[in-house]
Amino acid sequence: MLNVRRGLDNLKNIILIAPPGAGKGTISNYLVEHYGYVHVATGDLLRCEIAMNSELGQEIDQIISKGYLAPDDIVIKLVLKKLEQIHNKPFILDGFPRTLKQAEVLQEIFLQFHLNNITAVYLDVDVDTVLKRIEGRRICNQCQKVYNIYSEELKPIHEGLCDNCGGVLVKRSDDEKEKMKIRFQIFKENVESILNFYQSRKELQVIPATTSITDIVDKIINEAEV
Ligand code: AMP
């Protein structure tokens, strides 16, 4: 069961691989709250850059609002900066790597940081389930917490408002149907090579992601315990 905060030094770092809408953000939030993980979500890092309205942010916005992937070099730089700020805590990489190139560079980064406690978890879920989840997904426009209006577990207490900070819950612009099709297509084109990469390193675990969040988290923690 959850609620047990275990020692941090016996947990592996997690690479979470899943199609859009599979629940990576929600599951990561649980791992942060209950197990002390640090959440490194490239989607959030990119949206943060957009929110700053810098020249780079505007460039990224043009790409990701259409459902396409941000350039590898930009994403890698953001991840590296974030990893440098983490000290002695296990982390979850959510949404990274999304290309084989990113997986290869990540491996070099791990070598550089002397990190070898890694598990890559693939959340296996069918397309109909994720489309339904995405239809109900809302995120807080302030703290980015993820909700789902169709799920008893993930509904906000007060409709339209974030439980954490009172921010307004909004639909993500890239969650519209046409953009979702593009995001799925890109995911399908890349996922096999990424899974093969971690399979060949014997670091891949496949977990069905159609049960409850607590069940999925329990299974992930089983894999992550050293
Ligand atoms: P997410 O919040 O993980 O669904 O990511 C939202 C969007 O950010 C994706 O559809 C991509 O456009 C972009 N993005 C997130 N992570 C990456 C990545 N590792 N590489 C390239 N683009 C990314």
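Using our numbering, count along the sequence shown one by one with no gaps and you end on 245. Ideal Cβ placement from N, Cα and C applies to all residues, glycine included.
Buried or exposed by the 16-neighbour rule on C-beta atoms within 10 Å, applied to residue i
i: Glu-19; result: There is simply no residue 19 to check, as the chain begins at 20 and stops at 245 in what is shown.
i: Val-140; result: buried
i: Lys-207; result: exposed
i: Gln-163; result: buried
i: His-177; result: exposed
i: Asn-167; result: buried
i: Glu-68; result: buried
i: Cys-184; result: exposed
i: Thr-61; result: buried
i: Asp-113; result: buried
i: Arg-156; result: buried
i: Lys-43; result: buried
i: Arg-40; result: Going by the sequence as given, residue 40 is Gly instead of Arg. It is buried - the Cβ of Gly-40 has at least 16 other Cβ atoms within 10 Å.
Distance cut-off 7 angstroms: residue i Cβ against heavy atoms of ligand 1
i: Phe-115; result: yes
i: Leu-65; result: yes
i: Gln-121; result: yes
i: Ile-83; result: yes
i: Arg-157; result: no
i: Arg-152; result: no
i: Tyr-217; result: no
i: Val-146; result: no
i: Tyr-166; result: no
i: Thr-61; result: yes
i: Leu-88; result: yes
i: Glu-92; result: What sits at residue 92 in the sequence shown is Asp, not Glu. It does not: the Cβ of Asp-92 is nowhere closer than 7 angstroms to a heavy atom of ligand 1.
i: Asp-193; result: yes
i: Arg-202; result: yes
Residue i vs residue j beta-carbon contact at 8 angstroms
i: Asp-145; j: Lys-120; result: no
i: Leu-35; j: Ile-137; result: no
i: Lys-198; j: Gly-86; result: yes
i: Ile-232; j: Glu-171; result: no
i: Ile-226; j: Ile-213; result: no
Check: residue i C-beta below 7 angstroms from any heavy atom of ligand 3
i: Ala-41; result: Absent from the structure shown: ligand 3. Ligands present: ligand 1.
Residue-level contact to chain B via CB, residue i, 8 angstroms cutoff
i: Leu-30; result: The chain labelled as chain B is not found in the depicted structure, where only one protein chain is given.
Report yes or no: do the region 62-77 and the region 126-138 share at least 3 C-beta pairs separated by less than 8 angstroms?
no
Counting pairs of beta carbons, one from the region 36-52 and one from the region 74-83, are three or more of them closer than 8 angstroms?
no
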